[in-house]
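Written below as structure tokens is the structure these notes are about.
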Amino acid sequence: MTKRLPKKDVVIIGLGWTGSIMAHELTDEGLDVVAIERGPWRDAPTDFPPTYMQDELRYRVRHELFLRPDQLTFSFRNKIGQTALPIRSWGAFMPPNGVGGGGVHWNAETWRFLPSDFVLKTHLTQRYGASFLPEDMTIQDWGVTYDELETHYDAFEYLCGTSGTAGNLKGQIQEGGNPFEGPRSRPYPTPAQKQPWGYQLFAKAARELGYKPFPQPSGNLSQAYTNTLGLQMGPCTYCGHCEWFGCANYSKASPQTTLLPALVRKSNFTARDNSEVVRINTDRSGKHATGVTFVDTSGEEWEQPADLVILSAYSLFNVQLLLHSGIGQPYDPEKNTGVIGRNFTHQTISSVNGFFDHTKYNFNPFVASGSIGMCVDEFNGDNFDHGPHGFVGGGYVGHVQTGARPIESTLVPPGTPKWGAAWKKAVKENYLSTVKPGTGVHGSFYAYRDVYLDLDPTYKDRFDRPLMRMTIDLHDNEVKQNKFLTDKFAEIIKAMGAKAVAPSYRTAPYDMTTYQTTHLNGGAIMGTDPTTSAVNKYLQHWDVSNLFVLGASAFPQNAGYNPTGTVAALAFWAASAIRNRYLKNTGPLIHV
Amino acid sequence: MLGASLTVLVVAGSGRSLANDPQEFSQIERGRYLAVASDCASCHTVPESKKPFAGGRPIETPFGNIVAPNITPDPETGIGVWTADAFDNALRKGRGRTGSHLYPAMPYNAYTKMSRRDVDDIFAYLKTVEPVRNKVESNTLPFPFNIRAAMGVWNALYFKEGEFKPNPEKSPEWNRGAFLVEGPGHCGACHTPKSFLGGDKTSQHLQGSQLQGWFAPNITNDPNGGLAKWSTDDLVVYLSSGHNRITAATGPMAEEVELSSSKMQEGDLHAIATYLQSVGGKAEAAKPIAATDPAMVAGDAIYRDQCSACHGLDGKGVPKLFPSLVDSGVSGPSDPTTAVRIILRGARSIGTKREPTAPGMPSYGTQLDDAQVAAVATYIRNAWGRSGPAVPPSTVKDVRADTAMRPD
Chain A
1 MTKRLPKKDV
11 VIIGLGWTGS
21 IMAHELTDEG
31 LDVVAIERGP
41 WRDAPTDFPP
51 TYMQDELRYR
61 VRHELFLRPD
71 QLTFSFRNKI
81 GQTALPIRSW
91 GAFMPPNGVG
101 GGGVHWNAET
111 WRFLPSDFVL
121 KTHLTQRYGA
131 SFLPEDMTIQ
141 DWGVTYDELE
151 THYDAFEYLC
161 GTSGTAGNLK
171 GQIQEGGNPF
181 EGPRSRPYPT
191 PAQKQPWGYQ
201 LFAKAARELG
211 YKPFPQPSGN
221 LSQAYTNTLG
231 LQMGPCTYCG
241 HCEWFGCANY
251 SKASPQTTLL
261 PALVRKSNFT
271 ARDNSEVVRI
281 NTDRSGKHAT
291 GVTFVDTSGE
301 EWEQPADLVI
311 LSAYSLFNVQ
321 LLLHSGIGQP
331 YDPEKNTGVI
341 GRNFTHQTIS
351 SVNGFFDHTK
361 YNFNPFVASG
371 SIGMCVDEFN
381 GDNFDHGPHG
391 FVGGGYVGHV
401 QTGARPIEST
411 LVPPGTPKWG
421 AAWKKAVKEN
431 YLSTVKPGTG
441 VHGSFYAYRD
451 VYLDLDPTYK
461 DRFDRPLMRM
471 TIDLHDNEVK
481 QNKFLTDKFA
491 EIIKAMGAKA
501 VAPSYRTAPY
511 DMTTYQTTHL
521 NGGAIMGTDP
531 TTSAVNKYLQ
541 HWDVSNLFVL
551 GASAFPQNAG
561 YNPTGTVAAL
571 AFWAASAIRN
581 RYLKNTGPLI
591 HV
Chain B
593 MLGASLTVLV
603 VAGSGRSLAN
613 DPQEFSQIER
623 GRYLAVASDC
633 ASCHTVPESK
643 KPFAGGRPIE
653 TPFGNIVAPN
663 ITPDPETGIG
673 VWTADAFDNA
683 LRKGRGRTGS
693 HLYPAMPYNA
703 YTKMSRRDVD
713 DIFAYLKTVE
723 PVRNKVESNT
733 LPFPFNIRAA
743 MGVWNALYFK
753 EGEFKPNPEK
763 SPEWNRGAFL
773 VEGPGHCGAC
783 HTPKSFLGGD
793 KTSQHLQGSQ
803 LQGWFAPNIT
813 NDPNGGLAKW
823 STDDLVVYLS
833 SGHNRITAAT
843 GPMAEEVELS
853 SSKMQEGDLH
863 AIATYLQSVG
873 GKAEAAKPIA
883 ATDPAMVAGD
893 AIYRDQCSAC
903 HGLDGKGVPK
913 LFPSLVDSGV
923 SGPSDPTTAV
933 RIILRGARSI
943 GTKREPTAPG
953 MPSYGTQLDD
963 AQVAAVATYI
973 RNAWGRSGPA
983 VPPSTVKDVR
993 ADTAMRPD
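Printed below as a string of structure tokens:
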């Protein structure tokens, strides 16, 4: 028997970055907002105390902060025609759980996408001709432009206190920054983090090879900062426990450090944790959302009615909830119809380890932050002529070593025995003198007709709903792109003075067991055509106009950057559309 | 504003209530503000209960717990049938409605500095709050402290009845501050050391005292552990937001900031600061402990490992986020109870409208043993050119035992 709760103006599904941003914006508007979060409440000083947070076994190896697959998982296969099997231990990505979502465990690498990324199909077709693109590649323009998003990128960076060096201020290229970035209206709120020696050496080598290296934009702050809501943040201490971990030094931007303390003081905001939304409810027409149904930890089912529904869970859960709620037409790759599940993408990651003479090089690699490092952007997006190379896309490459935590940092040069005294000696000799970039090559992943999400015909979850099925593989375009970028990256590591380099390319088939990034995208993409996108340029659902779907599920394809900056900018963009347009005249914001 | 406040004080000296209209807004509003300045809610409201002034909160005293009574206008269980005279007797003379003695957990020895008009205004305000039926048995003290008549002796020793008399040689602002600190603000209730009978040691006025497992620091202008390094603005910012460039409010002071001083007018906070900065301290400097002392060597190492990430190697912390151990009275040379307690159990500062972050410090109680906590506590009071007596491990053991059963 479902119990019905009093109606709210807004119900928000998932209290991570986008849910918190939207909750803040809509409570500022005076609306009565409830956020429903599947996982537990998490608070910086009590849940991530520095007295025990730096525990690699607990947080990295045993996935403390992440969803448990026995609570909810997905099935996976590479190709149509294969039988998908459920994922029983997270590998390639880590679904977040709990208040703060992925904003708790991220590295805080805070990028903007290139202006051309938002008009990708048009741009590439104009420059190279339509026949240059692989036949089954289904990339699209976003419907929103960089210029429209600039002020919202800016809002997120000033919320977070992002540390960086501007490369393009209002069209003027700046020394020391990324010359390829889109114009920004003002500098980063705080200067770039100081770079330890290894990263400086990488930058020097890159400069000597003719590139323009710049510090990675970082949500781990270089100095104390008071954010736009009056919240205080502290300087990063380079503890080297960022990705997989929460931060109690108040130095990593997260919903906990930048939004929630202000949000919880508002009388028109309520949060329900440990409550899993299982369905978005619609009226008989199917065109109007009436609220959500959620289940608490005792198994009790509740209905939360609301006038406006914000779907702001992790990308995969957004798509899954739409499929389970029967909202939007499911994508069918055979017929090339439908939208929910379309243009599912990930990232194309690889790296190159460099081994240096330990008598001459000591990098102290444990001195690190999650978004430390020097990067070059010469091989990202369409920053270079793809004509001679026979692929599209790219990524930034950078020496981004987020720490040297003991369990995962026992690297030895190729040819070393895998155990015994010789191995131990090699570990000892190489620990301080190895360059091990976390995501050295951060390549894009473009969309294909046969990479998608749908409901599994066999496996069901604990609520007897079908699991969502991932069908995903690497295509030749991405494999070629990765080979090209990895080799370029290896040249820089070699030029640093490495005596040996060990590149590891990303190759097909797509491997679900080794971590790449948690940047899964698409499945409920934004666009200009309701037959090929789930939401319009304001992230408003084409069919159900009082439903907005936030997050990377809206990316038509993925660019060669970490997505959070763009995810957050889109949330501010959607919030602005709701506040300035939707609330004044509810209904579709775009008519086609 | 300040001039007006002082005028009110002088006028109030006539001792008569000026308004008897039960709907007189200015009287009710003035009473509300005085109730805020007097922090009535701290004792008379159970936190999170959403029943303001309904009583029932146990107030810890060295002699046992006293439960704060219901002061809503409920006729049976509150003050609904009280007369203005009875209310005045309670606030300014320490007498209950039937004439029996109140316990000085109710700070009538401070409230006596208020005028009759002040008290009438508070009474008028309390008449407007929602009546709550909540019967409270106040006296839960063990024998012999449960004998109220004994308070007659106590009053003879420690209670000096009488309204605040402005000092004509001082500025109106100083006088306003003195009135607020010594009267409604009852700062001495926590910050003035107590005799074995619980009376103020008047010779050590506001020089810091232990209560409820905390040490309320020295708030005189003392250079050793007092507020000598604080500017007037530091004090105003602290009282209004719970944070400043030096420190953060935790424990009972966090509650005071939340319920009282953050809701006071900035001019009044400025007056409080002006007055406190004029109160001299004891100014006794301890001999510094040599950096080669084994406790200092160990403390230095522990500090680098565990503390410096937030508080910095220079001990200066981050303004409004991580307290400056160099300048904070809590880490100074006086009673180490609060410093040791915070190291052992951690602490959460207060979030206010002006400073919503509410940062916290983690507990090191399971990570560091008594000797290690003592070493780092000794270190922080002798590092950076400061000096303070060594903290012995036995003190840590005592604080550990004392705080084990207390709420944080």
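Chains as they are written, first to last, in the working numbering: chain A, 1 to 592; chain B, 593 to 1000. Note that the Cβ used here is the ideal one computed from N, Cα and C, for glycine as well. Please read these numbers as outputs of a predicted model, since none were measured by experiment.
- At a Cβ-Cβ threshold of 8 Å, A/Gly16 and A/Gly102 count as neighbours.
- Residues of the segment 381 to 393 of chain A with a C-beta less than 7 Å from any C-beta of chain B: none at all.
- Neighbours of A/Thr51 in chain B, taken as residues whose beta carbon is under 9 Å from its own, are Gln898, Gly938, Pro954, Ser955, Tyr956, Thr958, Gln959 in chain order.
- Taking 7 Å as the Cβ-Cβ cut-off, the segment 242 to 273 of chain A approaches chain B at Ala248, Asn249, Tyr250, Pro261, Ala262, Arg265, given in chain order.
- For B/Arg622, the enclosing alpha helix (DSSP H) stretches over residues 617 to 629.
- Under DSSP, A/Met233 forms a beta bridge with A/Tyr225.
- When C-beta distances to chain A are compared with 8 Å, the residues of the segment 902 to 913 of chain B below that value are Cys902, Val910, Pro911, Lys912, Leu913, in chain order.
- Only exposed fits A/Thr513, as fewer than 16 other CB atoms lie within 10 angstroms of its CB.
- Contacts with chain B at 8 Å (Cβ-Cβ) do not include A/Leu15.
- Setting aside the 5 residues that flank it on each side, B/Ile620 is surrounded in the same chain by Ala716, Tyr717, Thr720, each with a C-beta closer than 6 Å to its C-beta; the list follows chain order.
- In the three-state DSSP reduction, A/Gln256 falls in the helix class (H, G or I).
- Residue contact with chain B for A/Ala426: absent (no Cβ-Cβ distance below 8 Å to any residue of chain B).
- At the C-beta level, B/Lys705 and B/Phe751 stay beyond 8 Å of one another.
- The Cβ-Cβ distance between A/Asn220 and A/Gly30 does not fall below 8 Å.
- Taken through DSSP and simplified to helix, strand or coil, B/His835 comes out as strand.
- Around the C-beta of A/Met1, fewer than 16 other C-beta atoms lie within 10 Å, and the residue is accordingly described as exposed.
- A Cβ of chain B is located within less than 8 Å of the beta carbon of A/Thr237.
- Beyond the five residues adjoining it in sequence on each side, B/Pro785 comes within less than 6 Å, by CB distance, of Lys793, Gln796, Ser801 in the same chain, given in chain order.
- Contact between the segment 212 to 227 of chain A and the segment 241 to 257 of chain A is established, with three or more Cβ pairs separated by less than 8 Å.
- By the CB criterion at 8 Å, A/Val501 and A/Val352 fall inside the cutoff.
- Residue-level contact by beta carbon holds for B/Ala950 and chain A, with a gap shorter than 8 Å.
- Sequence-distant partners of B/Arg992 (beyond 5 residues in either direction) whose C-beta falls short of 6 Å from its own C-beta, in its chain, are Leu936.
- Residue ranges of uninterrupted beta strand (DSSP E) with 3 or more members, entirely inside the segment 801 to 886 of chain B and ordered along the chain, are 801 to 803, 806 to 808.
- Ranked by Cα distance from A/Arg127, the first of A/Tyr361, A/Pro388, A/Gln481, A/Ala577 is A/Pro388.
- Across the structure, A/Gly143 and A/Lys499 are spaced so that their CA atoms are roughly 48 Å apart.
- Closest option to A/Ala130, judged by alpha-carbon separation, among A/Ala495, A/Thr564, A/Phe391, A/Lys428: A/Phe391.
- DSSP places A/Ser350 within a strand segment (E or B) once states are collapsed to three.
- Taking every protein chain shown into account, the CB of A/Gly81 has fewer than 16 other CB atoms within 10 angstroms, so this residue is exposed.
- For the 8 Å CB-CB criterion, A/His324 and A/Arg465 form a contact.
- For A/Lys460, the enclosing beta strand (DSSP E) stretches over residues 452 to 460.
- DSSP places A/Asn546 outside both helix and strand once states are collapsed to three, so it counts as coil.
- Non-local C-beta neighbours of A/Tyr199 in its own chain, meaning closer than 6 Å and more than five positions away in sequence, comprise Gly373, Met374, His399, ordered along the chain.
- For A/Gly370, the CB contacts under 6 Å within the same chain, skipping 5 residues up- and downstream, are Asn107, Ala108, Asn220, Cys242, Glu243, Thr402 in chain order.
- Between A/Leu231 and chain B, the shortest Cβ-Cβ separation is below 8 Å.
- For A/Gly234, at least one C-beta of chain B is nearer than 8 Å to its own C-beta.
- Relative to B/Ala877, the option among B/Gly754, B/Pro981, B/Tyr695 whose CA is nearest is B/Pro981.
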